[in-house]
Amino acid sequence: MRTAVCHALYMELAERVALVTGGAHRVGRAIALELAAAGASVAIAYHRSEDQAAETVTELRNCGVDAGGFKADLAVPAEAAGLAEAVAGRLGPIDALVNSASWFARDEFPSEDTETWYRTLDVVLHGPFHLTNAVAPSMLERGGGAIVNIVDLSAWQPWPGRAAHSVAKAALLALTRQVAVELAPTVRCNAVALGPTIAPAKFGPDQVERLRQRTLLGRWNGGTEAGRAVRYLLEAGAVTGECLTVDGGEQYGHVRDRFTDTAG
Ligand SMILES: NC(=O)c1ccc[n+]([C@@H]2O[C@H](COP(=O)([O-])OP(=O)(O)OC[C@H]3O[C@@H](n4cnc5c(N)ncnc54)[C@H](OP(=O)(O)O)[C@@H]3O)[C@@H](O)[C@H]2O)c1
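Position one of the sequence shown corresponds to residue 62 (the numbering used here), numbered consecutively onward.
#1: Using the three-state DSSP reduction, which class does L305 fall into: helix, strand or coil?
#2: With a cut-off of 8 angstroms on the beta carbons, I'd call R90 and A136 a contact; round off their distance for me.
#3: For a minimum of 3 consecutive residues, which ranges assigned as the beta strand (DSSP E) are wholly contained in the segment 205–280?
#4: Anyone know if the C-beta pair for L233 and V159 falls short of 8 angstroms?
#5: For A115, which residues from the same chain have a beta carbon less than 8 angstroms from its beta carbon, with the 5 sequence-adjacent residues on both sides left out?
#6: Quick one, are the C-beta atoms of A104 and L152 less than 8 angstroms apart?
#7: If you draw a straight line from the C-alpha of Y321 to the C-alpha of R87, how long is it?
#8: Taking the straight line between their C-alpha atoms, what separation do you get for V316 and R275?
#9: What residue from R109, A147, A224 has the CA that sits closest to L182's CA?
#10: Should N123 go down as buried or exposed, given a rule of 16 or more other Cβ atoms within 10 Å for buried?
#11: Where L192 and A106 are concerned, what is the direct C-alpha to C-alpha distance, given to the nearest angstrom?
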């Protein structure tokens, strides 16, 4: 097991140990592959996607790095803590944590059914809280580490029909800044706010096209761009408490036509 001490500031990812939650497929997988390309040993956490996790672990090993898949329900606090322990036991102490797992569900408000509210908060906010709580002591003790949380524009724009998701992502962004303060100067903590990246299978073609058009760059960005942003923030020695928006300009898309209906 590797016991080298890492440094709080610039972090060379080669031979570090990274944990990516939600890493079996889609955006999390792309992030994991980018970190493997940088030479990190990569643990991916999955909940239900066991087969895809096994495929991704094979892909990660084909990059020439050590890798492992770890099952955990991050809505359960003890499983989040157990995950950190299992990864450290198998790959070594965690230097880099990426909280990408999420739960994206429509919820009515007001509603008597609060199940989506609690599940979303548990996966999106409490999972990262418990994992950060579990990995931080070892990072502090060894003198360095970096954390990146994945959010989206709902962290500062309330999305209609997505109360739990928007509140959870806003809170995750707040947690990012709080952790940056609590763990400074030893551990850095940042966020990446993604725009349209990989369309969910349940989105119809019209919805995919509408979201594409809403971006300034006119595209879904793909997971590699998310991975590059995460890698930058894990390595960036002078950045903490920051949120890097990787949305193809979605947050400014609505201003494009602002003056087209006025004379002059
Ligand atoms: N896709 C996009 O265009 C987009 C846009 C903006 C932001 N984002 C953000 O990017 C991240 C990844 O997005 P995505 O679209 O790839 O996500 P996704 O397809 O919705 O997948 C969600 C991931 O979270 C994991 N997860 C859900 N509940 C869990 C639980 N209880 N315990 C452990 N893991 C759990 C799932 O693992 P299993 O499959 O193993 O159950 C899955 O890997 C999310 O934070 C999302 O908000 C994505």
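Built from N, CA and C at the ideal position, the CB exists for glycine as well.
For this structure:
#1: strand
#2: At roughly 21 angstroms, the Cβ-Cβ gap does not stay under 8 angstroms, so R90 and A136 are not in contact.
#3: DSSP runs (the beta strand (DSSP E)) wholly in the segment 205–280: 206–213, 248–255.
#4: Going by C-beta atoms, L233 is not nearer than 8 angstroms to V159.
#5: For A115, where only same-chain residues beyond five positions count, the Cβ hits under 8 angstroms are G130.
#6: Their beta carbons are under 8 angstroms apart, which means A104 touches L152 by this criterion.
#7: It should be noted that the sequence gives Thr, not Tyr, for residue 321. Spanning the two alpha carbons is a distance of roughly 38 angstroms.
#8: V316 and R275: Cα-Cα distance of roughly 10 angstroms.
#9: A224
#10: N123 comes out exposed.
#11: 11 angstroms
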